[in-house]
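If you read the sequences in order, they're chains A and E. Using the working numbering, read the first sequence as starting at 40 and increasing by one per residue. Using the working numbering, read the second sequence as starting at 867 and increasing by one per residue. Remarks on the structure that follows.
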Amino acid sequence: MRIALFATCIVDAMYPQTAQATVRILERLGHEIIFPAGQACCGQMHINSGYLDEAKPVVENHARAFGADDYDVAVAPSGSCVASVKHQHPMIARRYGDAGLEERTTAIGARTYELSQLLTDVLGITDAAAQLGSHYPHQVTYHSSCHGMRLLKLEDRQLDLLRSVGGIEVTELPEADQCCGFGGTFALKNAEVSSAMLADKVRNIESTGAGLCAGGDASCLLHIGGGLSRSGSPATTLHLARILASTMQDPAPAPESLRSGARA
Amino acid sequence: MSKVFIGMPPLPAFGSGNLNLTEPFPRAAARELGNQQLRSNLRHATHTIRDKRLKVVAELPDWEELRDAGSAIKESVMADLPALLERFEANFTARGGKVHWARDAAEANAIITELVRATGAQEVVKVKSMATQEIGLNEHLETEGIAAFETDLAELIVQLGHDKPSHILVPAIHKNRTQVRDIFLAEMPGVDPDLTNDPAMLAGAARSYLRSKFLTARVAISGANFGIADSGTLAVVESEGNGRMCLTLPETLITVMGIEKLLPTFADLEVFMALLPRSSTGERMNPYTSLWTGVTAGDGPQDVHLVLLDNGRSAALADEMGRSALHCIRCSACMNVCPVYERTGGHAYGSTYPGPIGAILSPLMTGIEAEENNSLPYASSLCGACFDACPVKINIPEILVHLRGKDVDSRRGRMKPPSQMDLLMKGAQWAFSSGTHLGLLEKGLPLGRLAAGRSKKIKHLPGLAARWTDSRDIPAPPPASFRDWWAKEHVPEAPITQQGGEA
Ligand code: SF4
Chain A
40 MRIALFATCI VDAMYPQTAQ ATVRILERLG HEIIFPAGQA CCGQMHINSG YLDEAKPVVE
100 NHARAFGADD YDVAVAPSGS CVASVKHQHP MIARRYGDAG LEERTTAIGA RTYELSQLLT
160 DVLGITDAAA QLGSHYPHQV TYHSSCHGMR LLKLEDRQLD LLRSVGGIEV TELPEADQCC
220 GFGGTFALKN AEVSSAMLAD KVRNIESTGA GLCAGGDASC LLHIGGGLSR SGSPATTLHL
280 ARILASTMQD PAPAPESLRS GARA
Chain E
867 MSKVFIGMPP LPAFGSGNLN LTEPFPRAAA RELGNQQLRS NLRHATHTIR DKRLKVVAEL
927 PDWEELRDAG SAIKESVMAD LPALLERFEA NFTARGGKVH WARDAAEANA IITELVRATG
987 AQEVVKVKSM ATQEIGLNEH LETEGIAAFE TDLAELIVQL GHDKPSHILV PAIHKNRTQV
1047 RDIFLAEMPG VDPDLTNDPA MLAGAARSYL RSKFLTARVA ISGANFGIAD SGTLAVVESE
1107 GNGRMCLTLP ETLITVMGIE KLLPTFADLE VFMALLPRSS TGERMNPYTS LWTGVTAGDG
1167 PQDVHLVLLD NGRSAALADE MGRSALHCIR CSACMNVCPV YERTGGHAYG STYPGPIGAI
1227 LSPLMTGIEA EENNSLPYAS SLCGACFDAC PVKINIPEIL VHLRGKDVDS RRGRMKPPSQ
1287 MDLLMKGAQW AFSSGTHLGL LEKGLPLGRL AAGRSKKIKH LPGLAARWTD SRDIPAPPPA
1347 SFRDWWAKEH VPEAPITQQG GEA
């Protein structure tokens, strides 16, 4: 299959290894990956903040970058960005009465998948250890991220994939379905409430004793990781794609707490 | 003076009363967050109701279909509201009731005051009612020399405590048992001085206090959960039986109902009686459902009035995207699952309607351009838990985003100097609307590494971004973006597609 990678702005600029891991997983399965160079951002920050006029060129850019027919499906390692492409892009097109853009964004949305969705529903991956060679012999916990869970209805896809990684020990996160408090500019506009939500998430992660919290949305992981780091926690965050791409020969980094010897 | 053009329909009037914030949400929220007692009370209460709701909802195999049915009925009501209201009025009047129309809070309060005055009564008993909270009826009656006694236990606690409700179903959710005992001891006439914080004892104290009110009151004021157009019937759904006492004992009954509460037929009630108790209290059925249709000679109140309240509802109805907020049946499920509400409580929302529904309903009813309520649509991380919980499927996150858009546009229209947020969004528009632009910007990533220093963490940023770094670190950015890595290192046989339209 020819798969177009939508790296998303945060992954592209802050977490290139997550996009590289996505590429590696899919190439390992024998697919051809293309990277439409015109891509930038899905625009959800603008849309969710009410800057719809500013969002329009961003949406148009995405429709241009992914408008060609030279790929079968598009994939992004982020539930919220995929939800934006699927739901918000046609909404913006409708708002500006642009029928052509609505048609193009709807078509792009229909063949854009979040990584775990593509792996499970399209590529039939049920056992990451056997089918992808995934190996990550550490204790991790998992945060589900709101948009993947509620807008894309990913259900247990990410968690099931994680559990099927070789050597892994997955510890359930208390109140895993609770928002981490990121919410894009919510973290700036209502910084205190956002921080209070984050504090609870950090406390719950710490209570699991896992040195690492995995998830499928880089923005939530940036937020949670920032909170863990600030509170001096030995735990860190890591994107699901990096754990799936981790193999015996080419392992993803171990949780910081293990590396620094903070935990036996 | 504004000109009136003859023949032009007037714009719908915005609502007034207890719908407006007196300070921006972030400021009120930050203050409430500091109240540890409030937070632990709220956390405990909302989590308890949450779990109960999930359990009873899971019992119904057709819950999703019920939600769809509820949503569809409400949509049909909104599409046909004027005709339904007229049908309701005709049937209610034919059964001996009197209908009064109130455009806003002031009109409703004036009508009710007149009706009470006409009976000569100085006291009224009240069934818990969101509509009368919304118009500030108790305060208004007090200035007119009429004492209003709340008879719902939680509402009574709030009233005796000179406080405001903070939850639509559990108005005293922010108080714990000991706080309730203290309020009773200080404010309840004739209370047993040995009162403990035992719930049965507290309820007993309230019962004997209220009993005397029920037996002497000649006028009662109620809200209504539903009005049935086909028969002119009103319905009140409650848990304690105090409502039933108020609805049957007094001579005069005055009900205040928002115009959106209508249902076309009796059969429609069936759907909502399945949705409402499960969503609100986590019960299969609420203990008391009272229905009355006008006046029954020799039985119950003989003087029956209904005040139909607009107060900004037609303004909300005029908003095509926002209109479905009027589908709300005030079950409170959305606030019980909301992570923001859980931490700030209801008072931070400034309005009778707190939580996710309040964050859309208050600005819809008062107008987002009015500025008082324009911080409310941002009081959400858009996590979507409210939409999942809502029994009538109001897409609250979508309406929040719609109202944010209206807010940003209305400020644009007023040509204010751009805020830091405006500038950030403009800059990001440039970066995000072209791969070339974003790629250029990413060339600066090494600078970020420099800023992060040896700790590989950015701990302080200036300006708006300080709101982030006040409580969260930012990791040092990578030496190069993925885009750069791809261009340099990725197997060249994987072709990079050339995209048109690049600036
Ligand atoms: S918006 Fe929905 S969930 Fe919230 S109170 Fe209204 S009906 Fe209940």
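Every residue, glycine too, gets a C-beta built ideally from N, C-alpha and C. Small disclaimer: the values here were computed from a predicted structure and weren't measured.
- Residue contact with chain A for S1078 of chain E: absent (no Cβ-Cβ distance below 8 Å to any residue of chain A).
- The region 1222-1242 of chain E makes no contact with the region 252-268 of chain A, as fewer than three CB pairs between them are under 8 Å.
- Proximity of the region 1235-1250 of chain E to the region 220-231 of chain A meets the contact definition, three or more beta-carbon pairs being nearer than 8 Å.
- Looking only at A:G139, A:L140 and A:V98, the smallest Cα-Cα distance to V121 of chain A is reached by A:V98.
- Runs of alpha helix (DSSP H) with 4 or more residues, each lying fully within the region 950-1018 of chain E, are found at 971-985, 996-1001 and 1003-1009, listed in chain order.
- Neighbours of A895 of chain E across chain A, judged by C-beta separation under 8 Å: N229, E231 and V232.
- Per the C-alpha coordinates, the member of E:S1276, E:E889 and E:N975 positioned closest to E1235 of chain E is E:S1276.
- Annotation: Y54 of chain A is outside any beta strand (DSSP E) and is labelled neither H nor E by DSSP.
- Residues of chain A with a Cβ closer than 7 Å to the Cβ of D917 of chain E do not exist; the shortest Cβ-Cβ separation is about 12 Å.
- Within the region 1133-1161 of chain E, the beta strand (DSSP E) runs of at least 3 residues that lie entirely inside it are, in chain order, 1154-1158.
- When the beta-carbon positions are compared, S117 of chain A and E66 of chain A stay at least 8 Å from each other.
- The region 952-971 of chain E makes contact with the region 1086-1099 of chain E, as at least three CB pairs between them are under 8 Å.
- Of all residues in the region 1263-1276 of chain E, the ones placed with a Cβ closer than 9 Å to any Cβ belonging to chain A are P1263, E1264, L1266, V1267, H1268, L1269, R1270, G1271, K1272, D1273, V1274 and D1275, in chain order.
- Taking 8 Å as the CB threshold, R242 of chain A stays off the interface with chain E.
- At a Cβ-Cβ threshold of 8 Å, V204 of chain A and L283 of chain A count as neighbours.
- Look at P1229 of chain E: its C-beta is not under 8 Å from any C-beta on chain A.
- Residues of chain E with a Cβ closer than 7 Å to the Cβ of A235 of chain A are, in chain order, L899 and R1209.
- Contact check between the region 152-171 of chain A and the region 83-91 of chain A: fewer than three CB pairs, one atom from each, fall below 8 Å, which does not count as touching.
- Boundaries of the alpha helix (DSSP H) around L261 of chain A: A257 to R269.
- Secondary structure at E66 of chain A: helix, using DSSP grouped into helix, strand and coil.
- Setting aside the 5 residues that flank it on each side, P1229 of chain E is surrounded in the same chain by N1239, N1240, L1242, P1243 and L1269, each with a C-beta closer than 7 Å to its C-beta; the list follows chain order.
- Taking the CA atoms as reference points, L1035 of chain E sits about 7 Å from C1197 of chain E.
- By alpha-carbon distance to A169 of chain A, the top candidate from A:G206, A:S184 and A:R143 is A:G206.
- Excluding five sequence positions before and after L1129 of chain E, the CB atoms of its chain that fall closer than 8 Å to its own CB belong to I939, V943, F1092, G1093, I1094, A1095, L1135 and F1138, given in chain order.
- In this structure, R933 of chain E has its CB at a distance of at least 7 Å from all heavy atoms of ligand 1.
- Contact note: S183 of chain A does not reach chain E at a C-beta cutoff of 7 Å; the least C-beta distance is about 11 Å.
- P1059 of chain E has its alpha-carbon roughly 49 Å from the corresponding atom of L1266 of chain E.
- For the region 1168-1197 of chain E, the set of positions with a beta-carbon nearer than 9 Å to some beta-carbon of chain A is empty.
- Cα atoms of F221 of chain A and D1165 of chain E: separation of roughly 58 Å, rounded to the nearest angstrom.
- Taking the Cβ of V1258 of chain E as the reference point, at least one heavy atom of ligand 1 falls within a distance shorter than 7 Å.
- Looking from the CA of A894 of chain E, the closest CA among E:L981, E:G881, E:M1287 and E:H1213 belongs to E:H1213.
- If you compare the alpha carbons of A:K240, A:G106 and A:I64 with that of A76 of chain A, the shortest gap goes to A:G106.
- For K1323 of chain E, the secondary structure class from DSSP, reduced to helix, strand or coil, is strand.
- In this structure, R1196 of chain E has its beta carbon less than 7 Å from a heavy atom of ligand 1.
- The region 235-248 of chain A makes no contact with the region 1256-1264 of chain E, as fewer than three CB pairs between them are under 8 Å.
- Here the C-alpha atom of R969 of chain E lies approximately 13 Å from the C-alpha atom of E1000 of chain E.
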